[in-house]
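>
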Amino acid sequence: MINALTIQEVAIICKGKLIADSPESVVDQVAIDSRQTLSASNCLFVAMKGAKANGVDFIPELIQKGVRNFIIPTTYSPTFERGNFIQVDDPRAALQDLAAALRNRFEGPVIGITGSNGKTIVKEWLGQLLSQEFSVAKSPKSYNSQVGVPLSVFEIKSFHQVAILEAGISKAGEMASLERIIRPDLGILTNIGSAHDAGFSDRLNKLREKLSLFQDSKFLIYCKDQGIVSKEVEYLFPAEKLISWSDQPGADYTRAIKFKEEENRILLMKKDLTTLTFRTQLRDAASLENIIHAIVAALTLGLSAQKIQQGLDQLRPVDMRLTLKAGLKDCILIDDTYNHDLAGLRVALDFMKQQRPKRRKILILSDFLQQGKPEWIYPEAAQLIQNHQLDLILGVGTELSQLAESGVQNLYTWERTEDLLAHLREFQLENDLILITGARPFGLEKVVQQLQQRVHGTTLEINLNALTHNFNFYKRLLKEETKVMVMVKAFAYGGGAPEIANHIQTMGADYLAVAFTDEGVALRQQGIHLPIMVLNPSEESFASFLEYQLEPVVFSPEFFENLANWTNTHSETMKIHLDLDTGMHRLGFEKQHLEELKKLIHENQQLKITSIFTHLAAADESEEINYTIQQLQDFEQMTKEILPLLPQKPLLHALNSAGIVAFPDFQFDMVRLGIGLYGVEVTGNYSSDLLPVSQLKTTVSQVKTLPAGATVGYSRRGKLPKGGKIATLPIGYADGYDRRFSNGKGYVLIHGKKAPVIGNVCMDMVMVDVSDIEVEAGDEAIIYGAEIPLAPLAKEIGTIPYELLTHISSRVKRIYFLD
Ligand SMILES: *Cc1c(COP(=O)(O)O)cnc(C)c1O
1 MINALTIQEV
11 AIICKGKLIA
21 DSPESVVDQV
31 AIDSRQTLSA
41 SNCLFVAMKG
51 AKANGVDFIP
61 ELIQKGVRNF
71 IIPTTYSPTF
81 ERGNFIQVDD
91 PRAALQDLAA
101 ALRNRFEGPV
111 IGITGSNGKT
121 IVKEWLGQLL
131 SQEFSVAKSP
141 KSYNSQVGVP
151 LSVFEIKSFH
161 QVAILEAGIS
171 KAGEMASLER
181 IIRPDLGILT
191 NIGSAHDAGF
201 SDRLNKLREK
211 LSLFQDSKFL
221 IYCKDQGIVS
231 KEVEYLFPAE
241 KLISWSDQPG
251 ADYTRAIKFK
261 EEENRILLMK
271 KDLTTLTFRT
281 QLRDAASLEN
291 IIHAIVAALT
301 LGLSAQKIQQ
311 GLDQLRPVDM
321 RLTLKAGLKD
331 CILIDDTYNH
341 DLAGLRVALD
351 FMKQQRPKRR
361 KILILSDFLQ
371 QGKPEWIYPE
381 AAQLIQNHQL
391 DLILGVGTEL
401 SQLAESGVQN
411 LYTWERTEDL
421 LAHLREFQLE
431 NDLILITGAR
441 PFGLEKVVQQ
451 LQQRVHGTTL
461 EINLNALTHN
471 FNFYKRLLKE
481 ETKVMVMVKA
491 FAYGGGAPEI
501 ANHIQTMGAD
511 YLAVAFTDEG
521 VALRQQGIHL
531 PIMVLNPSEE
541 SFASFLEYQL
551 EPVVFSPEFF
561 ENLANWTNTH
571 SETMKIHLDL
581 DTGMHRLGFE
591 KQHLEELKKL
601 IHENQQLKIT
611 SIFTHLAAAD
621 ESEEINYTIQ
631 QLQDFEQMTK
641 EILPLLPQKP
651 LLHALNSAGI
661 VAFPDFQFDM
671 VRLGIGLYGV
681 EVTGNYSSDL
691 LPVSQLKTTV
701 SQVKTLPAGA
711 TVGYSRRGKL
721 PKGGKIATLP
731 IGYADGYDRR
741 FSNGKGYVLI
751 HGKKAPVIGN
761 VCMDMVMVDV
771 SDIEVEAGDE
781 AIIYGAEIPL
791 APLAKEIGTI
801 PYELLTHISS
811 RVKRIYFLD
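For the sequence shown, position 777 (counting from the first letter as 1) is numbered 777 according to UniProt numbering, and the numbering increases by one without interruption.
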């Protein structure tokens, strides 16, 4: 926080009622998640109600940990002997009030960025350019929401000279609260596109709302080439406030781009005809748009063209996301090598904390460059590191040794990255969790390369934030008390079971379910502790249920009897789940088994019936609504007969993803969320509310130009009567790229353009027609993802998204990221 506040001051700012035993206590840190590391005594915990959890539920635990300062809703009455509590009507609004007040105390310029695409990248790039001359605070990752913006403001420290904050809105009415907090001196509107259209009456209204962020800013940077933007901006704001750029003459900066083999040149001509020239490696249109916003902003803040060029030389169009990768020797790597400031380090360390337990927690980092005076930075960093209890810290640079002066132990530093690389083996990294984060010039991505498993050209990227978004979407459709079991069978629908299960655990799901015992055993071995239901357990695995605390589904009288006998002979009790067949006709007790089932239950109290469920056969088919209702009624009927026999009421559940959407009145005690979490809304009613979770991509191996009449691939099925150009991709049906995509049924995206499959899909490769696309070996090809949605693709070859997802082979590396 920019400066510390007494709890009394906080109460005044938030217009809350203070119930305090020590009103002079000072806070300098804010947390909204009980798991965030807190230096307990001077932390302020804001108890908000989220989709997954209610902050007030964590207060007792936090008091135990030594936290003393809380903002709470008026509905909550604290009953603790110690502690300072501020009661407010709406804790989220209080968080925003506090952020607005702290923003006011910051005297340097604040840059506010909004728009549909590119906000985060413009923020990052501008931050990199400016940090050559200023100490820059910027929102970590894409913290741009109603809560993310306040949290970003709390990251501004007194030594920062410039702050860059990004604002994102998804529905009408949200910008007002963000504007009140950010109050940018300099604004950047990136562009306006289709994202979140659904939350607004039309695109113009969305634009107007976004522009309201800039109502009081001194300057606004925008691109004149989007007609709707320039018209509205020039209508709303006085000309002297506007700084425009365009590919056409008439703007403050006219852009021209010269593409060259090695590197491109960007020319920016000012109205007085002076021209600035910049060299860049960036090639694609979106990056070239984003970088101009950053350059124009840097110029406006007085950075010289020469300094900007130095900054550009360091920029790479690399991934700036926090990614989780499989390392050699069972290590897990958290790659954050793009970014290196305190706010980013805090996010990365929190992410690290949420991972599955490993042997050691290791941090590899570099000096913090140009973040402000070392004597400001390193004590803060040291505190952060100490709070996270790391086992080993390896550093590169000349300043990092200062961490030791602030008490950081197990710290080894070298001057150059090469020296670190040379000594890495001595630390015998194995089964460790390793966070790698550093400033660009140190090139710590080399460390990642050395430590990661070799990645075959094809990767499946899983966006953990999208997973959270989808989870919260379903949570909002549910009653507060309804529990959620998440289906992670089949390698979590192809996504990779342990990482996804771990993330689901941190999101606050109540239960996991797998298909087979082995899947459950693997999750336990990877440190997953949520209760796990096994849908189709085999009789050989009875001992494993106990050893790994797995809870089998019992679906037939025979199975019940066998399990009962086994538990009797071993004098054990076991939690089990009953599957009732009401019309799926797959597994489960039918009505005719009820009497027998009741008898078995009565005689076998050692089997603890934890839940009873049924599975819907056609929840996603609106024409089968009567069948589904009948199933649900039968389920109610059958459970009524069983419940009186049970000492404790079990959880009842019936709905899968489609059922949650279509039959909200039948939530019972729990739902079983599957495909929806992974981004596919099978009823089709809410598709735009879900975010795609996975992207399958690969890189072009070779490009060939073929003469008229040439054929491509096995059996000469691919025909090029007029000749053309093809690209070969290293993905085939053995990787899960379905052979039915052969001969134009499927397509991939290269540089945003469709390249249809030509010829038959091979086992490990496929050829695509790129006659109309500029392509070279090494370029990226998207197989599935946001722009290639699964549902229509599946339909094209007569299957369903479930099959495409679960077929992606285990040899395709999974990479997990937070964006
Ligand atoms: C797979 C499965 C689900 C989840 O179904 P989705 O359609 O993916 O939501 C729920 N219950 C059972 C018994 C399942 O096998």
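Beta carbons: idealized from backbone N, C-alpha and C, even for Gly.
#1: How far does the alpha helix (DSSP H) with Ser657 in it extend, from its first residue to its last?
#2: Note the first and the last residue of the continuous beta strand (DSSP E) segment covering Asn264.
#3: With Leu645 and Lys598 assumed to form a contact (beta carbons below 8 Å), what rounded beta-carbon distance in angstroms separates them?
#4: Does the distance between the C-beta of Ile675 and the nearest non-hydrogen atom of ligand 1 fall short of 7 Å?
#5: Less than 7 Å between the CB of Ser401 and some heavy atom of ligand 1, yes or no?
#6: Under 8 Å between the Cβ atoms of Lys358 and Leu390?
#7: Please report the Cβ distance between Val703 and Ala734, rounded to the nearest whole angstrom; I am assuming they are in contact, meaning their Cβ atoms lie under 8 Å.
#8: Does the beta-carbon distance from Ile601 to Pro650 come in below 8 Å?
#9: What's the call for Tyr678, buried or exposed, on a 16-neighbour Cβ count within 10 Å?
#10: Quick test of your reading: Leu276 and Ala305, contact by CB under 8 Å. State the CB separation rounded to the nearest angstrom.
#11: Once you ignore the five residues that flank Leu44 on each side, which residues in its own chain have a CB closer than 6 Å to its CB?
#12: With distances taken Cα to Cα, identify the nearest neighbour of Gln633 among Gly583, Glu621, Cys223 and Gly744.
#13: Which runs of the alpha helix (DSSP H) fall wholly inside the region 128–170 and span at least 4 residues, in chain order?
#14: Give me, in chain order, the residues of the same chain whose beta-carbon lies closer than 6 Å to that of Thr6; leave out the 5 immediate sequence neighbours on both sides.
#15: What residues in its chain sit with their C-beta under 6 Å from that of Ile808, if we drop five residues either side in the sequence?
#16: From what residue to what residue does the alpha helix (DSSP H) around Gly112 run?
#17: Rounding to the nearest angstrom, what Cα-Cα distance links Leu288 and Gln226 in this structure?
#18: According to DSSP, simplified to helix, strand and coil, what is Gly395?
#19: Is Glu480 buried or exposed, if buried means 16 or more other CB atoms sit within 10 Å of its CB?
#20: Spatial neighbours of Lys82 within its chain, please: C-beta separation below 8 Å, excluding the five flanking residues on both sides.
#21: Is any heavy atom of ligand 1 found at a distance shorter than 7 Å from the C-beta of Asn685?
#22: Could you tell me whether the Cβ atoms of Ile783 and Val768 are closer together than 8 Å?
#23: For His293, which residues does DSSP report across the bridge?
#24: Any heavy atom of ligand 1 inside 7 Å of the beta-carbon of Lys373?
#25: Got a sec? Which residues, its chain only, sit under 6 Å from Thr114 by beta carbon, not counting five neighbours each side?
#26: Can you tell me the Cα-Cα spacing of Lys373 and Leu98, whole angstroms?
#27: Rounded to a whole number of angstroms, what is the C-alpha to C-alpha distance between Val447 and Leu328?
#28: Find the nearest neighbour of Leu312 within the set Glu263, Thr323, Thr413 and Ala286, judged by alpha-carbon distance.
#29: Taking only the alpha-carbon atoms, compute the straight-line gap between Trp376 and Phe427 and give it to the nearest angstrom.
#30: By the 10 Å Cβ neighbour count, where 16 or more other Cβ atoms means buried, how is Gly496 classified, buried or exposed?
#31: Among residues of its own chain, excluding the 5 on either side of residue 820, which ones have a beta-carbon nearer than 7 Å to its beta-carbon?
#32: Using a Cβ-Cβ cut-off of 8 Å (strictly less than) and excluding sequence neighbours within five positions of Arg586, which residues of its own chain qualify?
#33: Alpha carbon to alpha carbon, what distance is there between Ala658 and Met352?
#34: Quick one: give me the first and last residue of the beta strand (DSSP E) that Asp432 is part of.
#35: Less than 7 Å separating the Cβ of Asn656 from some heavy atom of ligand 3?
#36: If you reduce the DSSP assignment to three classes, tell me which class Tyr235 lands in.
Result, derived from the coordinates:
#1: The sequence position of residue 657 within the sequence shown is 657, counting from 1. For Ser657, the enclosing alpha helix (DSSP H) starts and ends at Ser657 to Ala662.
#2: Within the sequence shown, numbered from 1, the residue matching residue 264 stands at position 264. In the DSSP assignment, Asn264 falls within the beta strand (DSSP E) that extends over Asn264 to Lys270.
#3: The count along the sequence shown starts at 1 and reaches residue 645 at position 645. The count along the sequence shown starts at 1 and reaches residue 598 at position 598. Cβ-Cβ separation between Leu645 and Lys598: approximately 6 Å, consistent with a contact (criterion under 8 Å).
#4: Taking the sequence shown and counting its residues from 1, the one referred to as residue 675 is at position 675. Result yes, Cβ under 7 Å from ligand 1.
#5: Here residue 401 corresponds to residue number 401 of the sequence shown, with the count starting at 1. No, the Cβ of Ser401 stays beyond 7 Å of every heavy atom of ligand 1.
#6: Numbered from its first residue, the sequence shown carries residue 358 at position 358. Numbered from its first residue, the sequence shown carries residue 390 at position 390. Not a contact, by the Cβ cut-off of 8 Å.
#7: Start at 1 with the first residue of the sequence shown, and residue 703 comes out as number 703. Start at 1 with the first residue of the sequence shown, and residue 734 comes out as number 734. Not a contact, Cβ separation roughly 23 Å.
#8: Locating residue 601 in the sequence shown gives position 601, counting from the first residue. Locating residue 650 in the sequence shown gives position 650, counting from the first residue. No, Cβ-Cβ distance for Ile601 and Pro650 is not below 8 Å.
#9: Within the sequence shown, the letter at position 678 stands for residue 678. Per the 10 Å Cβ criterion, buried.
#10: Here residue 276 corresponds to residue number 276 of the sequence shown, with the count starting at 1. Here residue 305 corresponds to residue number 305 of the sequence shown, with the count starting at 1. The beta-carbon distance between Leu276 and Ala305, rounded to whole angstroms, is 5 Å. This is short enough to meet the 8 Å contact definition.
#11: Indexing the sequence shown from 1 puts residue 44 at position 44. Excluding residues within five positions, the ones whose Cβ falls inside 6 Å are Val27, Val30 and Asn69.
#12: Indexing the sequence shown from 1 puts residue 633 at position 633. Selected option, being the one with the closest Cα: Gly583.
#13: You should have 148–154.
#14: Counted from its first residue, the sequence shown places residue 6 at position 6. Excluding residues within five positions, the ones whose Cβ falls inside 6 Å are Glu24 and Val26.
#15: Taking the sequence shown and counting its residues from 1, one reaches residue 808 at position 808. Excluding five sequence positions before and after Ile808, the CB atoms of its chain that fall closer than 6 Å to its own CB belong to Leu460, Gly494 and Gly736, given in chain order.
#16: One-based indexing of the sequence shown puts residue 112 at position 112. Judged by DSSP secondary structure, Gly112 falls outside any alpha helix (DSSP H) and instead within the beta strand (DSSP E) spanning Val110 to Thr114.
#17: Stepping through the sequence shown from its first residue, residue 288 is reached at position 288. Stepping through the sequence shown from its first residue, residue 226 is reached at position 226. Linking Leu288 to Gln226 through their CA atoms gives a straight-line distance of about 15 Å.
#18: In the sequence shown, residue 395 corresponds to position 395, counting from 1. DSSP places Gly395 in strand when its eight states are reduced to three.
#19: On the sequence shown, position 480 is the one that residue 480 refers to. The residue is exposed, with fewer than 16 neighbouring Cβ atoms inside 10 Å.
#20: The residue labelled residue 82 in the question sits at position 82 within the sequence shown. Here the sequence assigns Arg to residue 82, which means Lys is not the residue at that position. Excluding sequence neighbours, Arg82 sits near Asp21, Ile63 and Arg68.
#21: Indexing the sequence shown from 1 puts residue 685 at position 685. Flag unset: Cβ of Asn685 not near ligand 1.
#22: Taking the sequence shown and counting its residues from 1, one reaches residue 783 at position 783. Taking the sequence shown and counting its residues from 1, one reaches residue 768 at position 768. Not a contact, by the Cβ cut-off of 8 Å.
#23: Residue numbering aside, residue 293 sits at position 293 when the sequence shown is read from its first letter. Looking at the DSSP assignment, His293 forms no beta bridge with any residue, so it has no partner.
#24: Position 373 of the sequence shown, counting from 1, holds the residue named residue 373. No, since every heavy atom of ligand 1 falls outside the 7 Å radius drawn around the Cβ of Lys373.
#25: Here the question's residue 114 lines up with position 114 in the sequence shown. The answer, listed in chain order, is Ala167, Lys210 and Leu213.
#26: Residue mapping note: residue 373 aligns to position 373 of the sequence shown, counting from 1. Residue mapping note: residue 98 aligns to position 98 of the sequence shown, counting from 1. About 27 Å.
#27: Your numbering for residue 447 matches position 447 in the sequence shown. Your numbering for residue 328 matches position 328 in the sequence shown. Put simply, the backbone Cα of Val447 is about 12 Å away from that of Leu328.
#28: The residue labelled residue 312 in the question sits at position 312 within the sequence shown. When each option's Cα is compared against that of Leu312, the closest is Glu263.
#29: The residue labelled residue 376 in the question sits at position 376 within the sequence shown. The residue labelled residue 427 in the question sits at position 427 within the sequence shown. Taking the straight line joining both Cα atoms gives about 30 Å.
#30: For the purposes of this step, residue 496 is taken as the residue at position 496 of the sequence shown. Burial call: buried.
#31: In the structure as shown, the chain starts at 1 and stops at 819, and residue 820 therefore has no counterpart that could be examined.
#32: Here the question's residue 586 lines up with position 586 in the sequence shown. For Arg586, where only same-chain residues beyond five positions count, the Cβ hits under 8 Å are His615.
#33: In the sequence shown, counting from the first residue as 1, residue 352 sits at position 352. In the sequence shown, counting from the first residue as 1, residue 658 sits at position 658. When rounded, the distance between both Cα atoms is 33 Å.
#34: Here residue 432 is taken as the residue at index 432 of the sequence shown, counted from 1. Counting along the chain, Asp432 sits inside no beta strand (DSSP E), nor does DSSP assign it H or E at all.
#35: With respect to ligand 3, the structure shown offers nothing to examine, as its ligands consist of ligand 1.
#36: For this step, residue 235 is matched to residue 235 along the sequence shown. Helix at Tyr235.
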